[in-house]
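Undergrad: Sequences listed follow chains A, B and C, in order.
What the first sequence shows, in my numbering, is residues 1 to 276, in sequence order.
What the second sequence shows, in my numbering, is residues 277 to 557, in sequence order.
What the third sequence shows, in my numbering, is residues 558 to 669, in sequence order.
We treat Cβ as the ideally placed atom computed from N, Cα and C, and that holds for glycine.
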Amino acid sequence: MSTASASPFGTAWFGALASSSTAVPGLPGSLRVGMIALDGGETAVLLAVVPDADARFPRARSGEVGLEEGYALAEVVTGIVAADAGTDSRRPIVTVIDVPGQAYGYVEELVGIHQSLAASTNAFATARLAGHPIVSLMVGNAISGAFLATGLQANRLVALDHDGIAVQVMSKQSSGRITRRSIAELDAVAEKFPATAYDGASFAKLGALHDLVHVESPAAPTAADVALVTTSVSLAVASVRSGSSDLRSRLSSPEARTVRASSVLVRQRVAEAWDI
Amino acid sequence: MTRPVAQPFTEFRARDRVRALLDPGTFREILDPFARVESPHLALQGIVPQGDDGAVIGRGTIDGVSAVVVALDGAFQGGGIGEVSGAKLASSLEQAVNDNRNGTPTRAVILLETGGIRLQEANLGLLAISEIHSAIVELRSFGPVVGVVVGTVGCFGGMGIAAGLTSHLIMTRGGRLSLNGPEVIETEAGIEELDSSDRAGIWAMIGGAQRVAIGQAETLVDDDADAVAAAVRDVYRTAPATAVPARSTRIAAGRRLLAAVDPTGRPTPTDIRNLSTGGSL
Amino acid sequence: MQTISIDYPAAEKLSRPVHVGAVSSGDLEIIMIPLPGGSTATVALRTSVDGFDTIWRRVLDRFFAESALVAHYEINDFGATPGMVSLRLAQALEIAREDPDAGQTTTTGGAR
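The following block contains the structure:
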C-alpha cells in the first residue's frame, strides 16, 4: 500500500484557479473538472487529477494516475473536442499537474494501465491537433508515465518555481532504491546533468518550458499568486493561437538548441537522408 | 521461396529485424553506426555508448509502398530511450507524417523492445517519448501505425503507452507489454503484490497471448521472421476493410472493463479474459 | 568506463566502413571507418571494465602488428571475454577484406 503522503499543490491550485467546478456523474472523484477565467474574458476548461482517499482502486488514492484516471481524462477531453468539432470554437484546456506517478500494482498491469494512459495521451494529442490550445500548469509532482498521460501532450508547459516541484522519470525515493544511490549521490549527479534533476529551474534548461513562475505561497496561493499564474497561462494560450499545433516549439527555444542539440541534429540528419 | 527451417525473429538483432520486415533488397539505413551520432550523455556518466544508440531506422518499401521501420535494440541498455534513440524514432515518424501530408503514403512500423526511459538521460528521454506519442497519434490519421513486441526484453514504461497508441499491435507469446515492469512493481509495492521471479505468472499476466485475448493487441504470431513479416503486410493489405477505431480511442470499452473488475480482489488473467470481450467491446 | 587511444602504422586500404557486434553484456562493437590517404590505424577504445588496459594493449598490439588497416577503429566494449574480443576482431577483418560489391557491410552476427 502506498504510504506516500498526498501532495497539497494540485488540490490547492485547482481550487484557487477554478471559477466553477462540477462533479461529473460517473467520473472518479480524483478527476476534477472546472472552468478557469483567463485574462481577456475567455473561459478555459480546467482539469486536475487530485488525491482521493475513497478512490475505487487503492493504489490510486494519493493523486496517482491509475486505470480510472486515464480513461476518465480521455472521456472528458474527447467530449470537449466532440462538442467543439462542428463550431468555430476551440476551447483551451488547462491541466493542473501534481501527479506523484502512475499507480503501481498487480491489478493495474493485469488490466492494462498502459492502455488507459494511452487513452488520455491520445485524447490530449488529438485535442491539440484539432486546434484546442492545451496548457499544462505544473504545480508539484510531474512524474514519468503520469506526466506523459496528463501533461506532456500540451502545446505549452508552465511550471511554478518552488521546492515542491519534482519533474522526473521516477520519484527520488524510487530512483535511489533502483540505482542503489543515496539521495545525496543523486543530487550530485543532478548538478552536472540537468536532465536528471527534479527542480523546475533544471527542467527549464531543457527548453520545453514556456514559463517558470515564482509564487509567494505555493501550497495556499494568495490572490496575487493566482493573478500571476492566470496571466502566465493566458499568455501561453495566446501564444498557442499564433503558433503550430505540434510540439516543435519545445525544440526551437534557445535552451533546447544547446541542451537538446542532439534532438535537433538527429531531426536534421534524418530529414536530409529521408529520400535519396 | 520458402526456407526449410524457421528463423526465430527474436534471434535477430534490431538491424536484421528491420531488414526482415522491408521488401527484400530495399533496406537503407539512416543514421547507421558510421554516422556516429551516439549519445552525448552516456560516456560522461561512465557508460559505454553504442554507435547507433540502440535504434535503427530503415527506409524501404512494404509491398512496394514507401515505408519506414524503426527498431529499438533491447540488448543495448535494455532498449532504453535516450535523447538520440528517442529522436531517431520521433523524427522518423514525423517524416512519415510529412510524406503522407504531402501526398506520398509512407507506412510506419515500430519494433518495441524497451524497458522505457534510459535513467541516465532521464527527462531528455521523457520529452522524446512525448514527441514519439504525438507523432504516432498524428500519423494514425493517415493509415495504420504498426507496433511489434516480440521479446525478450518486452515493452514497458512510456513506450508501453506508445504501444497503446498504435493502430495495430503484433505480439509473440514471448513478448510482454505493460506500463511498470514486474521488477518495478515488486520494488514499489512489495513482493506480496507481485513476485517478479514468477516467470510463468508474469507471462500469463502481461504476455502476448493474454494481451491479444483481452483486445490490447491485435495479432498473435509465432516467433518466426517470415510470420512477423507476413503479419505486418497483412495489416496493410486488409486495412481498408477492417478499419476499426484505434485501441486508444475505445474509452467506453475500457471503462466498462474497469467497472466489472473487483479493485480490491486478486483477479486472475482468466478472470480478465472472461470480463473482457476484447476488440468487440 | 576506461578510454584507450592508440595509433598503429598501417598500409592496407579499407574500401568501405565495417560494423560488427554490439554493446551488450559480454560483447563489444567494432566500427571501422576508412581514412583515405592516411597511413595509420587510429584506435579509440572504450570499455566498461576498468583496470584491464595492459591486457587490452597487448591484445591490440598483437592484432594490429599482423593486420592493420588504414582506418579509424572505434571499439566499444561491454565486458567481452578475450575469446569474444578475438572473434569480433577477426570478424571485422574478414568483412573488411570481402569483395566490396558483396553487399551488406554491417553485421551484428553471432549470438545476441
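Pair every Cβ in the segment 95 to 103 of chain A with every Cβ in the segment 411 to 423 of chain B, then say whether three or more of these pairs are closer than 8 angstroms.
TA: no
Undergrad: With Leu602/C and Thr638/C assumed to form a contact (beta carbons below 8 angstroms), what rounded beta-carbon distance in angstroms separates them?
TA: Residue mapping note: residue 602/C aligns to position 45 of the third sequence, counting from 1. Residue mapping note: residue 638/C aligns to position 81 of the third sequence, counting from 1. In fact, because the Cβ distance is near 16 angstroms, the residues do not count as touching under 8 angstroms.
Undergrad: Verify whether the separation of the beta carbon atoms of Ala146/A and Glu64/A is less than 8 angstroms.
TA: Position 146 of the first sequence holds residue 146/A. Position 64 of the first sequence holds residue 64/A. Taking 8 angstroms as the Cβ cut-off, Ala146/A and Glu64/A qualify as a contacting pair.
Undergrad: Ends of the beta strand (DSSP E) at Arg603/C?
TA: Along the third sequence, read from residue 1 onward, the residue named residue 603/C stands at position 46. Here the beta strand (DSSP E) through Arg603/C covers 597 to 604.
Undergrad: Let's test the definition: count the other Cβ atoms within 10 Å of the Cβ of His214/A and tell me whether it reaches 16, buried, or not, exposed.
TA: Numbered from its first residue, the first sequence carries residue 214/A at position 214. Its Cβ having fewer than 16 others within 10 Å, His214/A is exposed.
Undergrad: So, is Arg241/A buried or exposed, given that buried needs 16 or more other C-beta atoms within 10 angstroms?
TA: Walking along the first sequence from the start, residue 241/A turns up at place 241. With fewer than 16 Cβ atoms within 10 Å of its Cβ, Arg241/A is classed as exposed.
Undergrad: My output table needs one value for Thr43/A: the three-state DSSP class, helix, strand or coil.
TA: As a first step, residue 43/A is located in the first sequence; it is residue number 43 there, counting from the start. Note: Thr43/A maps to strand in three-state DSSP.
Undergrad: Can you tell me whether Gly483/B is buried or exposed? The criterion is at least 16 other CB atoms within 10 Å of its CB, across all chains shown.
TA: For the purposes of this step, residue 483/B is taken as residue 207 along the second sequence, with counting starting at 1. Label assigned to Gly483/B: buried.
Undergrad: Flag Glu68/A as yes if its beta-carbon sits less than 8 angstroms from any beta-carbon of chain B, otherwise no.
TA: As a position in the first sequence, residue 68/A is number 68, starting the count at 1. At a cut-off of 8 angstroms between C-beta atoms, Glu68/A counts as an interface residue with respect to chain B.
Undergrad: State the DSSP-derived secondary structure class of Gln268/A, mapped to helix, strand or coil.
TA: Here residue 268/A refers to the residue found at position 268 of the first sequence. Gln268/A falls in the helix class under three-state DSSP.
Undergrad: List the endpoints of the continuous beta strand (DSSP E) containing Pro591/C.
TA: Mapped onto the third sequence, residue 591/C falls at position 34. Its beta strand (DSSP E) spans residues 584 to 591.
Undergrad: Decide if the segment 119 to 134 of chain A is in contact with the segment 215 to 232 of chain A; the criterion is three or more beta carbon pairs, one per stretch, under 8 angstroms apart.
TA: No, the segment 119 to 134 of chain A is not in contact with the segment 215 to 232 of chain A.
Undergrad: Between the C-alpha atoms of Leu387/B and Arg128/A, what's the straight-line distance to the nearest angstrom?
TA: Locating residue 387/B in the second sequence gives position 111, where the first residue counts as 1. Locating residue 128/A in the first sequence gives position 128, where the first residue counts as 1. Taking the straight line from one Cα to the other gives about 26 angstroms.
Undergrad: Tyr106/A lies in the alpha helix (DSSP H); which residues open and close that run?
TA: In the first sequence, residue 106/A corresponds to position 106, counting from 1. Here the alpha helix (DSSP H) through Tyr106/A covers 106 to 111.
Undergrad: So Gly358/B and Glu631/C are in contact, right, with Cβ under 8 angstroms, and what is the actual spacing, rounded?
TA: Numbered from its first residue, the second sequence carries residue 358/B at position 82. Numbered from its first residue, the third sequence carries residue 631/C at position 74. Between Glu631/C and Gly358/B the Cβ distance is about 18 angstroms, and since that is not below 8 angstroms, they are no contact.
Undergrad: Flag Asp656/C as yes if its beta-carbon sits less than 8 angstroms from any beta-carbon of chain B, otherwise no.
TA: Counted from its first residue, the third sequence places residue 656/C at position 99. No - not a single Cβ of chain B is within 8 angstroms of the one on Asp656/C.
Undergrad: Scan the segment 140 to 228 of chain A and note each continuous beta strand (DSSP E) run of 3 residues or more that stays entirely inside, going in chain order.
TA: 156 to 160, 166 to 168, 209 to 213
Undergrad: At 8 angstroms on the CB atoms, spell out the chain C contacts of Val324/B, in chain order.
TA: Taking the second sequence and counting its residues from 1, one reaches residue 324/B at position 48. Near Val324/B (Cβ distances below 8 angstroms), the residues of chain C are Met558, Val580, Arg603, Thr604, Ser605, Asn633, Asp634, Phe635.
Undergrad: Please name the residue in Gly301/B, Ser443/B, Thr390/B whose C-alpha comes closest to that of Phe352/B.
TA: One-based indexing of the second sequence puts residue 352/B at position 76. For Phe352/B, the nearest C-alpha among the options comes from Thr390/B.
Undergrad: According to DSSP, is His132/A part of a helix, a strand, or is it coil?
TA: Residue numbering aside, residue 132/A sits at position 132 when the first sequence is read from its first letter. It is coil, neither helix nor strand.
Undergrad: Can you give me, in chain order, the residues of the segment 563 to 588 of chain C that have a beta carbon less than 7 angstroms from any beta carbon in chain B?
TA: Pro574, His576, Ala579, Val580, Ser581, Glu586, Ile588
Undergrad: Got a sec: which bits of the segment 472 to 492 of chain B sit with their beta carbon under 8 angstroms from any beta carbon on chain A, in order along the chain?
TA: Cβ contacts with chain A: Met481, Ile482, Arg487, Ile490, Gln492.
Undergrad: Can you tell me whether DSSP reads His444/B as helix, strand or coil?
TA: Translated into the one-based positions of the second sequence, residue 444/B becomes position 168. Here His444/B sits in strand by DSSP.
Undergrad: Considering only C-alpha positions, which residue in the set Ala184/A, Gly70/A, Ser202/A, Ile178/A is nearest to Val259/A?
TA: In the first sequence, the residue the question calls residue 259/A occupies position 259. Checking every option, the nearest Cα to that of Val259/A belongs to Ser202/A.
Undergrad: Check whether the Cβ of Val167/A lies closer than 8 angstroms to any Cβ atom in chain B.
TA: As a working mapping, residue 167/A is identified with position 167 in the first sequence. Closer than 8 angstroms to some Cβ of chain B, the Cβ of Val167/A qualifies, so yes.
Undergrad: Taking the runs of the beta strand (DSSP E) that are 3 residues or longer, which of them lie wholly in the segment 303 to 368 of chain B?
TA: For the segment 303 to 368 of chain B, whole beta strand (DSSP E) runs of length 3 or above, ordered along the chain, are 304 to 306, 331 to 338, 341 to 348.
Undergrad: For a cutoff of 8 angstroms on Cβ pairs, would you count Ile561/C as touching chain B?
TA: Position 4 of the third sequence holds residue 561/C. Cβ-Cβ to chain B under 8 angstroms: no for Ile561/C.
Undergrad: Who are the Cβ neighbours of Gly423/B in its own chain at under 6 angstroms, not counting the five residues just before and after it?
TA: Taking the second sequence and counting its residues from 1, the one referred to as residue 423/B is at position 147. Here Gly423/B has Ile386, Leu388, Ala439, Thr442, Leu445 as same chain residues with Cβ atoms under 6 angstroms from its own Cβ, once five neighbours each way along the sequence are excluded.
Undergrad: Verify the CB distance criterion: does Ile514/C have a CB-CB separation below 8 angstroms to chain B?
TA: Look at the range of chain C in this structure, 558 to 669, and you will see that residue 514/C is not part of it.
Undergrad: Note down, one range per segment and in chain order, each beta strand (DSSP E) of at least 3 residues found wholly within the segment 461 to 510 of chain B.
TA: 495 to 497
Undergrad: Roughly how many angstroms lie between the CA atoms of Ala37/A and Phe57/A, to the nearest whole one?
TA: Taking the first residue of the first sequence as 1, we reach residue 37/A at position 37. Taking the first residue of the first sequence as 1, we reach residue 57/A at position 57. Their Cα atoms are separated by approximately 33 angstroms.
Undergrad: Write down the C-beta distance between Leu453/B and His210/A rounded to the nearest angstrom, noting that I regard them as a contact closer than 8 angstroms.
TA: Taking the second sequence and counting its residues from 1, the one referred to as residue 453/B is at position 177. Taking the first sequence and counting its residues from 1, the one referred to as residue 210/A is at position 210. In fact, because the Cβ distance is near 33 angstroms, the residues do not count as touching under 8 angstroms.
Undergrad: State yes or no: is the beta carbon of Thr3/A nearer than 8 angstroms to at least one beta carbon in chain B?
TA: Taking the first sequence and counting its residues from 1, one reaches residue 3/A at position 3. In this prediction, Thr3/A has a pLDDT of 43, which is less than 50 and means its spatial position is unreliable; what the coordinates show is noted afterwards. No, its Cβ sits nowhere closer than 8 angstroms to a Cβ of chain B.
Undergrad: I believe Ala6/A touches Pro28/A by the beta-carbon criterion, under 8 angstroms. Please report the beta-carbon distance rounded to the nearest angstrom.
TA: What you label residue 6/A is simply residue 6 of the first sequence in a count that begins at 1. What you label residue 28/A is simply residue 28 of the first sequence in a count that begins at 1. So it is not a contact: roughly 15 angstroms between Cβ atoms.
Undergrad: Could you tell me the distance, in whole angstroms, from the CA atom of Tyr104/A to the CA atom of Asn456/B?
TA: Within the first sequence, the letter at position 104 stands for residue 104/A. Within the second sequence, the letter at position 180 stands for residue 456/B. Going from the Cα of Tyr104/A to the Cα of Asn456/B covers about 7 angstroms.
Undergrad: Between the Cα of Asp88/A and the Cα atoms of Val226/A, Ala204/A, His132/A, which residue gives the shortest distance?
TA: Position 88 of the first sequence holds residue 88/A. Cα-wise, what sits closest to Asp88/A is His132/A.
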